[in-house]
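Per the working numbering, the sequence shown starts with residue -13, numbered consecutively.
Glycine included, each C-beta is placed from N, C-alpha and C at the ideal position.
On a predicted model such as this, the values are computed, not experimentally measured, just so you know.
Since the structure comes first, as structure tokens, the remarks are kept for the end.
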Amino acid sequence: MHLHIVLMLSATVLIWLFVVIVVAVTLLLRRGRLGPADRQVPFRSYGPVLAAACSGGAAAVHLEVVGEHALQSGATASTSAVALLCSIGAGSTQFTTANATIAGFLPLGITTLVVIGLQAALAVPHAWRNPMLAIVGLIVSGVSIALGLAPKLLGAASASGATQLATVGYADAFAFVLEVALAIVVTLLVFGRPRRLFDRLEVKVADAYIGTLLGVTAVAVFTVTSVFAGHSIH
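This is the structure:
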């Protein structure tokens, strides 16, 4: 199955889930379960949920990439632990042997594993409501974006003994998108800037629930897609 077909199916699922979300929120609102319909909800109330979803999604996708590297390394008896860590730091590039030309990717691989753990720990909305933890999350997000760009800037694909893993190409790209989205959401949460955008994100309760649920659902759907897409592409 080609990637564009997988993405089309994911988009179709997301559209149907959007309809379900709208119907569910409308029914709850009419029954008074969500409070007054004209109640305004500030971004600081629902933003942490979006941040937690992006953080958890990024961690899950990165774990899939790490798992694929480990699977490929296990299939090659000559691959060492150092080569595996270098491969993790090189994104969608796999190294079969460790040598001086790929040594620069070793700290990137170790840092990636630490970042995955932190992203998983921050996949809780309550964490993003704490100003200090939100700042930590913003730093983690910045580091993760830098890690995503580093292999391309360092020319991982052209290193000695490098091969490209097509099965993780989409996952690697989607993780980067989630990290950029997370950085934007957290910047708004921490600094409240740009002010005009921050103020416009104070919306009615129905819009807040629909937007938040749709955002979380989209992250979940495309995270699952990224995990399985590579293995269904030929």
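Alpha carbon of residue i to alpha carbon of residue j, nearest angstrom
i     : j    : result
W114  : G43  : 15 angstroms
S66   : V171 : 39 angstroms
L14   : V210 : 28 angstroms
A161  : A84  : 26 angstroms
G141  : V47  : 22 angstroms
A167  : A10  : 26 angstroms
G197  : L151 : 35 angstroms
R16   : V213 : 38 angstroms
L36   : V52  : 24 angstroms
A204  : L139 : 30 angstroms
W2    : Y195 : 17 angstroms
K190  : Y32  : 12 angstroms
Q26   : T12  : 16 angstroms
R182  : P34  : 19 angstroms
L(-5) : H112 : 33 angstroms
R186  : E50  : 36 angstroms
R179  : V68  : 42 angstroms
V101  : V8   : 35 angstroms
A169  : Y156 : 20 angstroms
T82   : G90  : 15 angstroms
G18   : S73  : 53 angstroms
A192  : I131 : 33 angstroms
D233  : P117 : Absent from the structure is residue 233, since the part of the chain shown begins at -13 and ends at 220.
Continuous alpha helix (DSSP H) stretch holding residue i: start and end
i    : result
A132 : 117 to 140
A67  : 67 to 75
Span of the beta strand (DSSP E) around residue i
i    : result
F162 : That residue, F162, is in no beta strand (DSSP E); its alpha helix (DSSP H) goes 155 to 177.
A148 : 148 to 150
Short Cβ contact (7 angstroms threshold) for residue i with residue j
i     : j     : result
L200  : F4    : yes
E188  : P28   : yes
Q105  : T149  : no
D158  : G77   : yes
S41   : L133  : no
L(-7) : V207  : no
A45   : L94   : no
L70   : L92   : no
T98   : G75   : yes
A145  : I96   : no
L175  : F184  : no
V202  : A(-3) : no
E54   : V154  : yes
Secondary structure of residue i, DSSP reduced to three states
i     : result
T83   : coil
A38   : helix
V189  : strand
V110  : coil
H220  : Caution applies to H220, whose pLDDT of 47 falls short of 50 and renders its modelled position unreliable; the model cannot decide the point.
L(-7) : helix
Within-7 angstroms CB hit, residue i to chain B
i  : result
V9 : Going by chain labels, chain B is absent from the structure shown, which holds only one protein chain.
Check whether the region 118 to 131 and the region 50 to 60 are in contact - that is, three or more C-beta pairs closer than 8 angstroms. Contact between the region 118 to 131 and the region 50 to 60 is absent, because fewer than three Cβ pairs lie under 8 angstroms.
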